[in-house]
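Student: Dropping a structure here in structure tokens format, bear with me for questions.
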Amino acid sequence: MSVDLAPSTEQLYAQVTPAGAFYAVSSPEHEGNRAILLRILEEGGVVPFATSTAMSWTQSNDAEEALRSIFRLQRLGLVRGSTAAPLPVEDRLEDILPSLLARLSDTSKALLADENGFYLAAAGFLHEAAEELAGLSADLL
């Protein structure tokens with residue numbers, strides 16, 4: 001459930017949306033909104049939202065300016081509020097990644113590879129085919 005972030009008596013937690021996470025890591029420069037989003041990714045699910053939290057995330061001494069920055073990110077769909085802190089995932093990434101990748105495709109086939117052609121995870125491909133596809137994908141870059 002998404003709620004508006006606002007200082008209140010109710011504990012709210014800031015969560016970065018998928019679009020916000022993509023925006024935060026889509027550039028090597030971590031300035032401005034990207035820096036704020038990265039701080040929220042680090043602390044948003046742990047620290048309840050408050051004016052002091054917004055000031056810390058935005059590194060601003062002005063409470064009103066800090067809140068405006070957070071609200072702007074929320075209007076852009078990069079941040080949302082939640083009444084419950086997110087629960088940490090207990091499973092290992094290696095175990096859950098194939099099923100997450102499979103959901104990205106209509107055919108349940110997906111491959112995650114780095115720029116050097118090494119595959120990190122695959123869904124719907126045999127090991128050998130995944131290695132070949134990952135190697136070929138490196139040639140495309």
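For the sequence shown, UniProt numbering begins at 1 and goes up steadily by one.
Ideal Cβ positions, reconstructed from N, Cα and C, are used throughout, including at glycine.
1. CB-CB under 7 angstroms to Ala121, same chain, minus the five flanking residues each way: which ones, in chain order?
2. Taking the C-alpha atoms as reference points, what is the distance between Ser69 and Gly117?
3. In the DSSP assignment, what are the bridge partners of Ser137?
4. Buried or exposed: where does Phe22 fall if 16 or more other Cβ atoms within 10 Å of its Cβ makes it buried?
5. Using the C-alpha atoms, what's the distance from Glu115 back to Glu43?
6. According to DSSP, is Leu120 helix, strand or coil?
7. Look up Gln15 in the DSSP assignment and say whether it is helix, strand or coil.
8. Within 10 angstroms of its Cβ, does Asp92 collect 16 or more other Cβ (buried), or is it exposed?
9. Tyr13 and Phe49 look like a contact to me (Cβ under 8 angstroms); what is the Cβ gap, rounded to whole Å?
10. Who are the Cβ neighbours of Leu133 in its own chain at under 6 angstroms, not counting the five residues just before and after it?
11. Cα-Cα, which of Gly124, Glu94 and Asp95 is closest to Gly108?
Tutor: On the basis of the supplied data:
1. Leu97, Pro98, Leu101 and Leu112
2. 39 angstroms
3. Paired residue(s): none; Ser137 is not in a bridge.
4. exposed
5. A straight-line Cα-Cα distance of about 30 angstroms links Glu43 and Glu115.
6. strand
7. strand
8. The amino acid occupying residue 92 in the given sequence is Arg; Asp does not appear at that position. The residue is exposed, with fewer than 16 neighbouring Cβ atoms inside 10 Å.
9. Between Tyr13 and Phe49 the beta-carbon gap is near 6 angstroms, inside 8 angstroms, which marks them as a contact.
10. Leu111
11. Note on residue identity: the sequence assigns Ser, not Gly, to residue 108. Comparing Cα positions, the closest option is Gly124.
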